[in-house]
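S.K.:
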Amino acid sequence: MILLTATSSSSTDPNCIKGAAQSSLWASNQTQAKATLTMQTFVRIQSPRIIRIGGGVVQELPEVMMQMAVSRPLIITDKGLVSLGHVQRLCDILDAANLPYGLFDGVIEDPTDTCVDAGIAALNAGDYDCIIGFGGGSPMDTAKAISFMSVNPGHVRDYKAPRQIDRCGLPVICVPTTGGTGSELTRWCVITDTGAPEKYNLSGLACVGTAALIDWQFTTTKPARITADTGIDSLTHALEAYVSKRAHAYTDAFALSAMPLIATQLRTACNDPTNATAREALMLAASQAGMAFSNASVALVHGMSRPIGAHFHVAHGLSNAMLLPVVTAFSVQAAPARYAEAARVMGFAEASDSDATACDKLVRSLKALNADLKVPSPSQLGHEADDDMLHLMARQALASGSPQNNPRVPSEDEIVALYKKMW
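Letter by letter, the sequence shown follows residues 24 to 446 of this note's numbering.
#1: Go through its chain and collect everything with a Cβ distance to methionine 445's Cβ below 7 Å, but skip five positions before and after it.
#2: In the DSSP assignment, the alpha helix (DSSP H) including glutamate 263 goes from what residue to what residue?
#3: With which residues is histidine 167 paired in a DSSP beta bridge?
#4: If distances are taken between C-alpha atoms only, which option among Leu193, Ala234, Arg190 and Val439 comes closest to threonine 209?
#5: Rounding to the nearest angstrom, what Cα-Cα distance links aspartate 118 and threonine 253 in this structure?
#6: Using a 10 Å radius around the Cβ and a threshold of 16 neighbouring Cβ atoms, would you call phenylalanine 277 buried or exposed?
#7: Flag this pair as touching only if the segment 352-367 and the segment 241-255 have three or more C-beta atom pairs under 8 Å; answer yes or no.
#8: Below 9 Å between beta carbons: does that hold for arginine 95 and tyrosine 151?
#9: Return the Cβ separation of valine 139 and isoleucine 98 in integer angstroms, given the expectation that the two are a contact with Cβ distance under 8 Å.
#10: Do you know whose CA, among Ser328, Ala338, Pro430 and Arg431, lies nearest tyrosine 442's CA?
#11: On the criterion of 16 or more Cβ atoms from any shown chain inside 10 Å, does histidine 178 qualify as buried, or is it exposed?
#12: Tell me whether phenylalanine 353 is buried or exposed, calling it buried when 16 or more other Cβ atoms sit within 10 Å of its Cβ.
#13: Give the DSSP bridge partners of alanine 235, in chain order.
#14: Given a cut-off of 9 Å, decide if alanine 322 and asparagine 429 are closer than it, judged by their beta-carbon atoms.
#15: Return the residue from the list Gly142, Ser342 and Ala366 that minimises the CA-CA distance to glutamine 403.
#16: Consult DSSP for lysine 397 and reduce its assignment to one of helix, strand or coil.
#17: Between the beta-carbon of glycine 203 and the beta-carbon of alanine 272, is there less than 9 Å?
#18: By alpha-carbon positions, which one of Ser377, Asp409, Met163 and Ile214 ends up nearest to proline 194?
#19: In three-state terms, what does DSSP make of alanine 360?
#20: With 16 other CB atoms within 10 Å as the buried threshold, where does serine 377 fall?
#21: Take leucine 389 and list the residues in its own chain whose beta-carbon comes closer than 7 Å to its own, dropping the five residues that flank it on each side.
#22: Skipping 5 residues on each side, what residues in its chain have a beta carbon closer than 6 Å to that of aspartate 436?
#23: Suppose the cutoff is 7 Å on Cβ atoms and the five residues either side in sequence are ignored; what does the same chain contact list for leucine 104 look like?
#24: Nearest-angstrom Cα distance between aspartate 411 and aspartate 238?
#25: Please name the residue in Ile331, Gly370 and Gly405 whose C-alpha comes closest to that of isoleucine 438.
#26: Determine the burial state of valine 174: buried for a count of at least 16 other Cβ atoms within 10 Å of its Cβ, exposed for fewer.
#27: Report the rounded CA-to-CA distance for methionine 91 versus isoleucine 196, giving the unit in angstroms.
#28: By how many angstroms is the C-alpha of aspartate 133 removed from the C-alpha of histidine 339?
#29: Compare the C-alpha of methionine 369 against each of Thr297, Ala417, Asp383 and Leu279 and name the closest.
#30: Should proline 433 go down as buried or exposed, given a rule of 16 or more other Cβ atoms within 10 Å for buried?
#31: Buried or exposed, going by whether 16 or more other CB atoms sit within 10 Å of the CB of alanine 312?
#32: Tell me whether valine 213 sits in a helix, a strand or coil according to DSSP, three-state version.
#33: Report back the beta-carbon spacing between threonine 100 and aspartate 128 to the nearest angstrom; my notes put them in contact at under 8 Å.
#34: Kindly give me the distance between the Cβ atoms of methionine 282 and serine 70, rounded to whole angstroms, as I take these residues to be in contact under 8 Å.
#35: May I have the straight-line CA-CA distance separating phenylalanine 335 from alanine 391, to the nearest angstrom?
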């Protein structure tokens, strides 16, 4: 059962939200008539039991904990959020409710197996009955992994997808602060193996948080670079879920609602960080895109993105942004109706445009978005990769399973060619 409590705030632009919903309905109707992509005939939905959305909703944390019958959380976060004062705000809420808590702030970007081990040690050192994942995707993914690895034997690598992790540990409350990964609502987490190096997917019921408090007000302190990268990460989630071979009408509704919000509000949020309408829209879109890809899966962009992060330590959202235009150009021929509808719902193409024209406009618009947001290439960041490295990365991408969801499934050599084109 899903308990969805939408807490509205005065900053919401109702026309923006209404327009997205209307666009989604229009696009869904058009897609049913035109799309050639084969969709699943059924879908298994997994999501948190409690979802609360809105500015200031973090104040309801004690009430949510009471509903869950928990009272002793371990907060999983990073030192950046401590320095910004966001963690103190969370602690003040718990203090006011006389709720004891512990703090583990050792999460790093692209969290590793050793980071998870350190978090488990912190968990075992106290008498905790729940975990709060507070931050972007890294703290939330780490919180999930700490929870299920505290009750499952072996090393975290033993559980990488396609294995499903269904033995759950302590309940996890996710409080996102970036509006990008959508991890607060998904059945996925991503951990880097320091012994490989490799980033791998972890999936299953044990990776689903019990509750999510989605408060856009935390995002107003995000720098432009992180805003851009997390925004395109959300866009990639929505677009890949929509064109995925595992797409379903249920996931389409979330993907089609998320895409126009991101397309219309991302530049605004980057240029005006305190713009409440843009920040709220992007946070909502991140969660919608998370619900979409959690249940329809991601595809080739994500499959190729993870090895870039594992080998070169490029932020996940940024590596997605680097890849999105070139992978979309490669893929459109296999699902032109779907990509065309995505272009139309985002305002990149007109309703009267042919699918071919709309697909062309989509690719050009994604390139323009990257240019406006100053997305660099790996070579511009000083990274070099020879053919041996690119083939290793291509094999790792294929092994993740994500490329198999893509409308056009590439070979190893085709992935290498895409890496070279993007590099």
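Cβ coordinates follow ideal geometry from the N, Cα and C atoms, glycine included. Since this is a predicted model, take the numbers as computed values, not measurements.
M.R.: On the basis of the supplied data:
#1: Met345, Leu346, Val349 and Ser400
#2: 247-266
#3: Note on identity: in this sequence residue 167 is lysine, with histidine being the wrong assignment. Per DSSP, none; premise fails for lysine 167.
#4: Ala234
#5: 31 Å
#6: buried
#7: no
#8: yes
#9: 16 Å between Cβ atoms; not a contact.
#10: Ser328
#11: exposed
#12: buried
#13: Ile74 and Cys197
#14: yes
#15: Ser342
#16: coil
#17: no
#18: Met163
#19: helix
#20: exposed
#21: Leu347, Pro348 and Thr351
#22: none
#23: Val110, Phe157, Gly158 and Thr200
#24: 44 Å
#25: Ile331
#26: exposed
#27: 10 Å
#28: 8 Å
#29: Leu279
#30: buried
#31: buried
#32: strand
#33: 5 Å
#34: No, methionine 282 and serine 70 are not in contact; Cβ-Cβ is about 20 Å, not under 8 Å.
#35: 25 Å
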